[in-house]
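In terms of the UniProt record's numbering, the sequence shown has 466 at position 466, counting the first letter as 1, and numbering is strictly consecutive. Every residue gets a Cβ at the ideal spot worked out from N, C-alpha and C, and that includes glycine. To keep things clear, I will list the structure first and then write my remarks on it.
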Amino acid sequence: MSVTFDGIASNINMVRILGANLDHEPYKPFFIYKSAKIYTIFDACHLLKLIRNAFADFKTFYRNDDIISYYYITSLNELQEKIQLNLANKLTYRHVNYFKNKMKVKLAAQLLSNSVATSIEYCEKNTNIPEFKGANATVNFIRIVNNTFDIFNSRNLLSPGFKKPINSNNVNMIFKELDRFTEFMQSLTLENYQKVITSNRKLGFLGFIFNIQSLKMLYNDYINSDLFKFLPLYKLSQDHLETFFSCIRSRGGFDNNPSARSFISAYKRLLCHAEIQISDNTNCLPIQNVTILALSNLSTMQRLNLAIGKTEDHVDEEIAEFSVSSIHEEDDFLVSLPYTQGKEVIKIVVQYISGYIVKALQKKLKCADCIAVLHSQESDIKSLIFHKDKGGLIYPSKDVIDVCLFCETIYRENIRFKNLNKNQLRLIITRTIYNFLNKFSTLNDHCFPSLNDHIYDQDPINNHKYLLVKLIIEKFFIIRIKYEHKLRNVNKDSIRQFYNKMIIFKGT
Numbered sequence: 001m002s003v004t005f006d007g008i009a010s011n012i013n014m015v016r017i018l019g020a021n022l023d024h025e026p027y028k029p030f031f032i033y034k035s036a037k038i039y040t041i042f043d044a045c046h047l048l049k050l051i052r053n054a055f056a057d058f059k060t061f062y063r064n065d066d067i068i069s070y071y072y073i074t075s076l077n078e079l080q081e082k083i084q085l086n087l088a089n090k091l092t093y094r095h096v097n098y099f100k101n102k103m104k105v106k107l108a109a110q111l112l113s114n115s116v117a118t119s120i121e122y123c124e125k126n127t128n129i130p131e132f133k134g135a136n137a138t139v140n141f142i143r144i145v146n147n148t149f150d151i152f153n154s155r156n157l158l159s160p161g162f163k164k165p166i167n168s169n170n171v172n173m174i175f176k177e178l179d180r181f182t183e184f185m186q187s188l189t190l191e192n193y194q195k196v197i198t199s200n201r202k203l204g205f206l207g208f209i210f211n212i213q214s215l216k217m218l219y220n221d222y223i224n225s226d227l228f229k230f231l232p233l234y235k236l237s238q239d240h241l242e243t244f245f246s247c248i249r250s251r252g253g254f255d256n257n258p259s260a261r262s263f264i265s266a267y268k269r270l271l272c273h274a275e276i277q278i279s280d281n282t283n284c285l286p287i288q289n290v291t292i293l294a295l296s297n298l299s300t301m302q303r304l305n306l307a308i309g310k311t312e313d314h315v316d317e318e319i320a321e322f323s324v325s326s327i328h329e330e331d332d333f334l335v336s337l338p339y340t341q342g343k344e345v346i347k348i349v350v351q352y353i354s355g356y357i358v359k360a361l362q363k364k365l366k367c368a369d370c371i372a373v374l375h376s377q378e379s380d381i382k383s384l385i386f387h388k389d390k391g392g393l394i395y396p397s398k399d400v401i402d403v404c405l406f407c408e409t410i411y412r413e414n415i416r417f418k419n420l421n422k423n424q425l426r427l428i429i430t431r432t433i434y435n436f437l438n439k440f441s442t443l444n445d446h447c448f449p450s451l452n453d454h455i456y457d458q459d460p461i462n463n464h465k466y467l468l469v470k471l472i473i474e475k476f477f478i479i480r481i482k483y484e485h486k487l488r489n490v491n492k493d494s495i496r497q498f499y500n501k502m503i504i505f506k507g508t
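Here it is, written out as structure tokens:
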């Protein structure tokens, strides 16, 4: 029913010779073979990379009086690198400086994604950072590209929105969005007033327009005629062939230039051993069991001493070495951080992390009273959670946010850029709890006050309020330290993709 290919000239000339018209309107995105229509489909992943490359190279597109600038994406990355936190997106140094990793589809898809658009939009509307003023047109551009890519990468009928395969129920919504893409891209111009779809970097934009024409005809031929119930467009991509080639390469030590004999050998092995086994080193982690009740014959102070490894007489002296200089009476835990514009964004991200912590803890906790105090009864329309929420995010209570802000201050003053093992992490958590209790001289009056009556129903060693604070602090530090290690492990000078085939023989 179709032929899928990259956008190189030889492929385009092939379908042109076979009878398709990709040169001028009205486009004819198919050719006839044995009385059957064979539709031409440009690989969506390849087109997305071409749009990303053109956007990064030209830096600026124009649409009427609107300016669409790559500068907003680089500004977002610089802001996130400065505060060492992400505004709920995947953008990193590698996404912006992709030149040595041009072939990685993931980097292009995560750069031109709805999460990046939402982050830029949030910075424009809810912060006083001047670099994001006037970013609305760029946000619309990124979202239109993201939605179109989602449509041509649809797989599962249970997926939401534009990720759901086209069928009779969502066809109007999908065609409306695709028409919006066509109209938007046809009106884009460069600095010299030349239209983008007529420039020498037009293929990424025109390729999607050709695909839209093919999709409309495919819908009429196969779904309207009741041959198919739905059409998952991922089936019309090159990913299946790319995956097969990756398996072939893996059998030869990831040699991307195999000989005929090594190819035949790898192919035979794949035929005999088709099962793909997941490595033990994958990023899927086992779920940890977290309980709010602790069984112990030790008092709270004794447990603190045991975790620190000191006697009760030396606890205060040892913990006093832990810096808490930025904690003041007005509860502005980040007041002394050397960020003027970034401080506001740090608080926003910590609030977002607090919502995730509440979502994670409520799955494990059994106490209804403790779960209730984790949630906020009101939604903050200025929060990042409100802008990212599609129905599944949680608004944390002020007490949870205060605990997390306290931990962020401790983290930035004492922990960043340090290599911590498990025992040291426990020590940091214990000291943080001690300082938090010291900050709030009476925990009952300042933190989770609605639990004041609840804790009288428990033994002192099983104080739910104290254990709840401890769980929040533990979860926060685990999240922050894992993210810090992730940032440190990013190889900004990777050369494998840059050298491609030559890397195998480099140094020999």
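With a threshold of 8 Å between beta-carbons, can residue 145 be considered close to chain C, or not?
Looking at the structure shown, chain C is missing, and only one protein chain is on hand.
Sorted by chain position, which residues of the same chain lie with C-beta nearer than 8 Å to residue 12's C-beta, five sequence neighbours on each side aside?
When the five nearest sequence neighbours on each side are left out, the beta carbons in the same chain lying within less than 8 Å of the beta carbon of residue 12 are those of 22, in order along the chain.
May I ask you to report which of helix, strand or coil DSSP gives residue 231?
strand
Between the alpha carbons of residue 247 and residue 257, how many angstroms are there, rounded?
13 Å
Under 8 Å, with one C-beta from each stretch per pair, do the segment 175 to 186 and the segment 199 to 214 reach the 3-pair mark?
yes
Among all the DSSP beta bridges, which residues are the ones paired with residue 509?
No answer is possible for residue 509: the residues shown for the chain start at 1 and end at 508.
Do you know whose CA, among 433, 150, 167, lies nearest residue 224's CA?
It is 167.
Give the range of the alpha helix (DSSP H) segment to which residue 266 is assigned.
260 to 272
Distance, residue 432 Cα to residue 439 Cα
10 Å
Cβ neighbour criterion (16 or more within 10 Å) applied to residue 290:
Note on residue 290: pLDDT 33, under 50, position unreliable in the model; no value is reported.
Report yes or no: do three or more beta-carbon pairs, one from the segment 344 to 355 and one from the segment 78 to 85, lie closer than 8 Å?
Yes, the segment 344 to 355 is in contact with the segment 78 to 85.
Leaving aside the five residues before and after residue 407 along the sequence, list all residues of the same chain whose C-beta is less than 7 Å from its C-beta, in chain order.
Result list for residue 407: 432, 473, 476, 477, in chain order.
Which residue marks the beginning of the alpha helix (DSSP H) containing residue 250, and which one marks its end?
239 to 251
Looking only at its chain, what residues have a beta carbon closer than 8 Å to the beta carbon of residue 376, apart from the 5 residues adjacent to it on each side?
395, 396, 397, 398
Can you give the beta carbon distance from residue 48 to residue 108, rounded, assuming they're within the 8 Å contact cut?
5 Å
Opening and closing residue of the alpha helix (DSSP H) in which residue 137 lies:
Counting along the chain, the alpha helix (DSSP H) containing residue 137 begins and ends at 136 to 151.
Judging by CA-CA distance, which residue of 343, 75, 360, 455 is the nearest neighbour of residue 409?
343
With three or more C-beta pairs closer than 8 Å as the rule, is the segment 147 to 165 touching the segment 118 to 136?
no
I'd like to know whether the C-beta atoms of residue 3 and residue 32 end up nearer to each other than 8 Å.
no
Considering only their Cβ atoms, is the gap separating residue 69 from residue 89 smaller than 8 Å?
no
Can you give the Cα-Cα distance for residue 214 and residue 58, rounded to whole angstroms?
Their backbone Cα atoms lie some 29 Å apart in a straight line.
Residue 36 bridges to which residues according to DSSP?
DSSP links residue 36 through a beta bridge to 33.
At which residues does the beta strand (DSSP E) containing residue 4 begin and terminate?
For residue 4, the enclosing beta strand (DSSP E) covers residues 2 to 5.
Does the beta-carbon distance from residue 74 to residue 191 come in below 8 Å?
Between residue 74 and residue 191, the gap from beta carbon to beta carbon reaches 8 Å or more.
Sub-8 Å separation of residue 139 and residue 117 beta-carbons
yes
For residue 252 and residue 571, the rounded distance between their alpha carbons:
The chain is shown only over 1 to 508; residue 571 falls outside these bounds and no answer can be derived.
Distance check for residue 392 and residue 51, CA to CA, integer angstroms please.
Straight-line Cα distance between these residues: approximately 31 Å.
Given a threshold of 16 other Cβ atoms within 10 Å of its Cβ, counted over all protein chains shown, does residue 567 qualify as buried or as exposed?
Because the chain in this structure spans residues 1 to 508, residue 567 falls outside the shown range and cannot be described.
Let's see if you can read the secondary structure: which residues bound the alpha helix (DSSP H) around residue 123?
114 to 126
Verify whether the separation of the beta carbon atoms of residue 147 and residue 162 is less than 8 Å.
yes
Quick one: residues in its chain with C-beta nearer than 8 Å to the C-beta of residue 20, no 5 flanking neighbours on either side, listed in chain order?
28, 29, 30, 31, 40
Which term fits residue 196, buried or exposed, when burial requires 16 or more other beta carbons within 10 angstroms of its beta carbon?
By the 10 Å Cβ count, residue 196 comes out buried.
Using the beta-carbon count (16 or more within 10 Å), is residue 198 buried or exposed?
exposed
Beta-carbon proximity list for residue 150, same chain, < 8 Å, skipping 5 on both sides:
161, 162, 163
Considering only residues of the same chain and omitting the five flanking positions on each side of residue 141, which have a CB-CB separation below 6 Å?
Closer than 6 Å at Cβ, skipping near neighbours: 68.
Reference residue 182, options 272, 25, 14, 353, closest by Cα:
Checking every option, the nearest Cα to that of residue 182 belongs to 25.
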